[in-house]
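Student: Chains as they are written, first to last, in the numbering used here: chain A, 96 to 353; chain X, 96 to 353; chain E, 96 to 353; chain H, 96 to 353.
First, the structure itself, so that you have it in front of you.
Protein chains: 4
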Amino acid sequence: MDDIVIEMTEEPELKDAILIEGLPGVGNVGKLAVEHLMDEIDATQFGEIYSIYFPPQVLVDEDGQTELVNNRLYYCKDVGEDSRDLIILTGDYQGMTPQGQYQLTDKVLGLAEDLNINMVFSLGGYSQGKMVEEPRVLGAATDHELVHQMEDIGVTFSEEDPSSGIVGASGLLLGLGKNMYGFNGICIMGETSGYFVDPTAARGVLEILAEYLTLDLSYEELDDKAEEVEELTNKIADMDMSQGMQQESTNEDLNYIG
Amino acid sequence: MDDIVIEMTEEPELKDAILIEGLPGVGNVGKLAVEHLMDEIDATQFGEIYSIYFPPQVLVDEDGQTELVNNRLYYCKDVGEDSRDLIILTGDYQGMTPQGQYQLTDKVLGLAEDLNINMVFSLGGYSQGKMVEEPRVLGAATDHELVHQMEDIGVTFSEEDPSSGIVGASGLLLGLGKNMYGFNGICIMGETSGYFVDPTAARGVLEILAEYLTLDLSYEELDDKAEEVEELTNKIADMDMSQGMQQESTNEDLNYIG
Amino acid sequence: MDDIVIEMTEEPELKDAILIEGLPGVGNVGKLAVEHLMDEIDATQFGEIYSIYFPPQVLVDEDGQTELVNNRLYYCKDVGEDSRDLIILTGDYQGMTPQGQYQLTDKVLGLAEDLNINMVFSLGGYSQGKMVEEPRVLGAATDHELVHQMEDIGVTFSEEDPSSGIVGASGLLLGLGKNMYGFNGICIMGETSGYFVDPTAARGVLEILAEYLTLDLSYEELDDKAEEVEELTNKIADMDMSQGMQQESTNEDLNYIG
Amino acid sequence: MDDIVIEMTEEPELKDAILIEGLPGVGNVGKLAVEHLMDEIDATQFGEIYSIYFPPQVLVDEDGQTELVNNRLYYCKDVGEDSRDLIILTGDYQGMTPQGQYQLTDKVLGLAEDLNINMVFSLGGYSQGKMVEEPRVLGAATDHELVHQMEDIGVTFSEEDPSSGIVGASGLLLGLGKNMYGFNGICIMGETSGYFVDPTAARGVLEILAEYLTLDLSYEELDDKAEEVEELTNKIADMDMSQGMQQESTNEDLNYIG
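Quick look at the structure:
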């Protein structure tokens, strides 16, 4: 088999489209955000990506049916007041090795180019390693004009954060996208403790994206999920297991929400 | 050398055959099961697989003779009341890296296609991390019809298990088999503590497979092995080394049985 | 994408040029040294190297702009009294795997050959794992004549150091350069504790290189950085946190200087 | 560069030759043995192997001269009473990854076939993890006739040892040699504590090899080295640092001897 296999069920015809990435990562922020977005704008799946760079694994749904781990591509046309076409990338895993990350990202960008995408918008979480009272949405972009444009709609650009750069698909889509394909790119990251899946941070990045796309979104489901997480974390706090917090971050109840 | 080398001593002529996988894994359940099956139905070896994805190692038998680590392919025709043709895959190791797992599985599936296989049946263990009083046989399948069919013959399909999917050859044979080759697939997993090789769990999965193939099997040898393991575990329990259990799981006596 | 991509903005015309390497490493000595050198001689960037062997990461500058991690190539002509042409290699990371190290080094050497380089001069640090009162500059070279030549200008060749050879780009550029391209090569290493970035060690190797190139350099900026580091280490010492030293080596203030 | 580069300075004309392997490994037994053998029979180097599967490193000799890490090939004709031609393989490292081990071994075997080798004789150590009073020489071979032949000249074939097979070049040369090239093969392993380089174990395997080749060898130098090691280990024992033994195994004095 090829190292990366993209199976497309449809070839959407798009113009000046934006590639939005929300793969699993810190606090599952990016994935939560794009999943909510897709529900709201009724996106259509058109592609699946399999790869030797993913874990050798099938997932099993509640009915016992198996699904090979993959990444998935969706599209939606004429989104928001400016009628932008969108491609959305999400999935079960990111590539498991640095080389796999590069090859997967390059393959997606090559496809994006064929589909007339000219911009990348990657979503993620930024772990502060502690509870964050008023989570900001941090940003980085491939050029200064985009930085200013994003500042105007509420994104924080900070000298300190992200101090070590942006690792993984969110970073590479900007880096390779700019250098190899000439795409402009923005990455926005919701601040999060990093201890559990964080629907609140997901709402934060989604609000920025909606503002950018001049799009009205309801956040009800995300807010419900955020409440569930809060209840669970309060329960834990009540049990006075402050040092057990990190351990609980692998708690199935909490991660199930993602 | 090629990354994967398949040496065939014979090209069996089969029709509508089933590929049965029992490679080493949790509790060595799958391997124990297919080894017992092959004894009972008198299967014939026709292929050996060498690969750079296996450990760089020869095994040494009791007489001092070396054998390069490999996977092995066997066949048996007209098995059970429905006269099904079988290919059986077992071996010393699974691929050691995710990429190796993908490539090995894909190579086997390609060969399986050439040999007119249209279904995959993978056998394994499911570790509960604690002693299991009445071990169930858990299942997953590539489509709902198979799920129902397997439920009818005693396989448990559970929302909770396997919660994290199926990792390794057992999972990939279903996932790649379905997506790349159009094979239907079933995976059945015998519940086991995961502490030592588990002939009882192997008997469990084999009973299901026999039922599926309308095949009569004697389980004497598996039961003898199960007794050996039980005696050894009782001995350990008598020594009141409850917390030493896990450590003993690497005990040569216990694993030797596999 | 290719495993290694070299993007050149200019093809400098050089003769009998020297390839000088200062990639990140022990005490960041080599990178500090070449960065200072390039400021002093006003070197011109002409190439960038991207690779799947680097981390999948973009760096973010203080204004929020992203840059794909890379290695960079610079040149400067007619340097020093002997008017030598120089190529300088520096960057954000070395290759992350042994195989990546080999492939990256070989690619750079192939390019170096095309640009008429006939000698490699690699700069690095040599960690003593303890504070070094009077740091020496240690050396190794591809042939005895170069060893003697370097001894004459103050490089120490020691039977004990480096006892385990030279690992990474500094070593491979000499090894592959000699065996595959016939280049002569010298590696000089500034002794350093290895606890933090070490501008003093960088000055040490740079003085040798300047002597070799009969080049006058000012070391003001390096000395300023050395002072900053010393102040910080004294502060730590004052806090009587002797055993915290190693921990502090990851202190952002200290490493920021690099 | 190719993944493996073999540079040959001479193509020896041999007939029915034996490939003898003594690469670094447990107690450095194999390497010590072949190095001593080569001194005694005056072997001639004819090839060097470089590879991306070796560490990215140059070694530095006592005069400061660098050498890219490699494996080396030597030959000697008409050795012993039966006038056997020999190829000897030794070097600085074995391949660092399983895949590298396979590719390196296969490359060496392909060259060996071109040079009319029809047998592999690999030498190594077998770690018992404790001091061994009367070290045996353990063996394994590709077929039963060779097992009996080696038993007759003092090799021990044991059901227990090596229980987990033979890992690395010594094992793969037999396994791939037999399966892919049709070579017969013998591996003999000197029992050793595994704590330090073991010239005594090296003498043990060399005596067997000499017997097999009907060759007279002096063991003076190996015995001198064995004495050095013994003195050092006694010194350690005197210091009553029984539990420090393992730590001392990385003592430079002891390993320097190898």
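A virtual CB, placed ideally from N, CA and C, is assigned to each residue, including glycine.
Report the residues of the region 181–205 of chain X with a CB closer than 7 Å to any CB of chain A, ordered along the chain.
Tutor: Listed by position, the residues of the region 181–205 of chain X near chain A (Cβ gap below 7 Å) are Pro-193, Gln-194, Gln-196, Tyr-197, Gln-198, Asp-201.
Student: Quick one: grab the DSSP three-state call for Met-245(X).
Tutor: The answer is helix: DSSP assigns Met-245(X) an H, G or I state.
Student: Would you call the region 139–155 of chain H in contact with the region 178–198 of chain H, where contact means no fewer than 3 C-beta pairs closer than 8 Å?
Tutor: Cβ pair count under 8 Å is three or more, so yes.
Student: Would the beta-carbon of Lys-110(X) fall within 8 Å of that of Asn-211(X)?
Tutor: Closer than 8 Å, so yes.
Student: Could you spell out where the beta strand (DSSP E) holding Val-153(H) opens and where it closes?
Tutor: From DSSP, the beta strand (DSSP E) with Val-153(H) extends over 152–155.
Student: Could you give the C-beta distance for Leu-132(X) and Gly-125(X), rounded to a whole number, given that I count them as a contact under 8 Å?
Tutor: With a Cβ gap of about 11 Å, Leu-132(X) and Gly-125(X) do not count as contacting.
Student: Which residues, taken in chain order from the region 208–241 of chain A, show a beta carbon closer than 8 Å to some beta carbon of chain E?
Tutor: Hits within the stretch, in order: Gly-234, Ala-235, Ala-236, Thr-237, Asp-238, His-239.
Student: Three-state secondary structure (DSSP) at Gln-217(X)?
Tutor: Gln is not the amino acid found at residue 217(X); the sequence shown has Ser there. Reduced to three states, the DSSP call for Ser-217(X) is strand.
Student: Using a Cβ-Cβ distance under 8 Å, would Lys-110(E) count as near chain H?
Tutor: So no, Lys-110(E) is outside the interface.
Student: If the cut is a Cβ gap below 7 Å, which residues of chain A does Asn-274(X) touch?
Tutor: By Cβ distance, chain A contributes Tyr-145, Leu-163.
Student: Count the other CB atoms, across all protein chains shown, that sit within 10 Å of the CB of Asn-329(E); report buried if there are 16 or more and exposed otherwise.
Tutor: Flag for Asn-329(E) reads exposed.
Student: Would a C-beta distance cut-off of 8 Å place Arg-231(A) and Glu-302(A) closer than the cut-off?
Tutor: Cβ distance not < 8 Å, so Arg-231(A) and Glu-302(A) don't count as in contact.
Student: Hey, out of Ile-182(E), Leu-218(E), Glu-208(E), whose CA is closest to Gln-140(E)'s CA?
Tutor: Measuring from the Cα of Gln-140(E), the nearest candidate turns out to be Ile-182(E).
Student: Could you work out which residue in Ala-297(H), Asp-97(H), Glu-255(H), Tyr-276(H) is closest to Leu-163(X) when comparing CA atoms only?
Tutor: The residue with the shortest Cα to Cα distance from Leu-163(X) is Tyr-276(H).
Student: So with Cβ pairs under 8 Å, would you call Glu-306(H) a contact of chain X?
Tutor: By this cut-off, Glu-306(H) is not an interface position.
Student: Short of 7 Å in beta carbon distance, which residues of its chain neighbour Ser-253(X), apart from the five on each side in sequence? Order them along the chain.
Tutor: Once the five neighbours on either side are set aside, the close Cβ partners of Ser-253(X) are Leu-233.
Student: Mind checking which residues open and close the alpha helix (DSSP H) that includes Ile-182(E)?
Tutor: No alpha helix (DSSP H) holds Ile-182(E); the beta strand (DSSP E) holding it covers 179–186.
Student: Please list the terminal residues of the continuous alpha helix (DSSP H) segment that includes Thr-287(X).
Tutor: Not the alpha helix (DSSP H): Thr-287(X) falls in the beta strand (DSSP E), residues 279–287.
Student: Report yes or no: do three or more beta-carbon pairs, one from the region 98–109 of chain H and one from the region 206–225 of chain H, lie closer than 8 Å?
Tutor: Output reads yes: the region 206–225 of chain H touches the region 98–109 of chain H.
Student: Can you give the Cα-Cα distance for Glu-157(A) and Glu-322(A), rounded to whole angstroms?
Tutor: So the two alpha carbons sit approximately 24 Å from each other.
Student: Taking 8 Å as the CB-CB limit, is Gln-342(E) close to chain A?
Tutor: Unreliable positioning characterises Gln-342(E) in this predicted model, as indicated by a pLDDT of 42, which lies under 50. A coordinate reading is not provided.
Student: Does DSSP put Val-232(A) in a helix, in a strand, or in coil?
Tutor: Val-232(A): strand per DSSP, three-state reduction.
Student: Taking Val-155(X) and Pro-257(H) to be in contact with their CB atoms under 8 Å, please state how far apart those CB atoms are, rounded to whole angstroms.
Tutor: At roughly 6 Å, the Cβ-Cβ gap stays under 8 Å, so Val-155(X) and Pro-257(H) are in contact.
Student: For Gly-159(H), return the contacting residues in chain E, with the cut-off set at a CB-CB distance below 7 Å.
Tutor: The answer, in chain order, is Gly-234, Ala-235, Ala-236, Val-242, Phe-252.
Student: Closer than 9 Å, Cβ to any Cβ of chain E: which residues of the region 114–146 of chain A, in chain order?
Tutor: Here the close residues number zero.
Student: Return the first residue and the last residue of the beta strand (DSSP E) that Thr-328(H) is part of.
Tutor: First-last for Thr-328(H): 315–333, but that is the alpha helix (DSSP H), not the beta strand (DSSP E).
Student: Any Cβ of chain X within less than 8 Å of the Cβ of Ile-101(H)?
Tutor: So, not an interface residue.
Student: Alpha carbon to alpha carbon, how far is Leu-168(A) from Glu-102(A)? Give it in angstroms, no decimals.
Tutor: Their Cα atoms are separated by approximately 10 Å.
Student: Give a yes or no on whether the C-beta atoms belonging to Gln-196(X) and Ile-99(X) are separated by under 8 Å.
Tutor: Not closer than 8 Å, so no.
Student: Quick one: what's got a C-beta closer than 7 Å to Met-226(X)'s C-beta in the same chain, skipping five residues either side?
Tutor: If we look at Met-226(X) and ignore the five residues flanking it on each side, its Cβ neighbours are Ser-288.
Student: Who are the near neighbours of Ile-248(X) in its chain, counting only those whose CB is closer than 8 Å to its CB and skipping five residues on each side?
Tutor: Answer for Ile-248(X): Ile-303, Glu-306, Tyr-307, listed in chain order.
Student: Could you tell me the alpha carbon to alpha carbon distance between Ile-261(H) and Val-153(X), rounded to whole angstroms?
Tutor: The straight-line gap from Cα to Cα measures roughly 5 Å.
Student: With DSSP as the reference, label Thr-309(A) as helix, strand or coil.
Tutor: Three-state DSSP puts Thr-309(A) in coil, outside helix and strand.
Student: Excluding five sequence neighbours on each side, which residues of the same chain lie with their C-beta closer than 7 Å to the C-beta of Val-121(X)?
Tutor: Taken in chain order, the residues that qualify are Gly-219, Gly-220, Tyr-221, Ser-222, Thr-287, Gly-289.
Student: With a threshold of 7 Å on Cβ separation, who are the neighbours of Ser-259(H) within its own chain once the five nearest residues in sequence on each side are excluded?
Tutor: Correct list: empty, nothing qualifies.
Student: Give me the residue from Gly-270(X), Thr-295(X), Asp-311(X), Glu-143(X) with the minimum Cα distance to Asp-177(X).
Tutor: The shortest Cα separation from Asp-177(X) among Gly-270(X), Thr-295(X), Asp-311(X), Glu-143(X) belongs to Asp-311(X).
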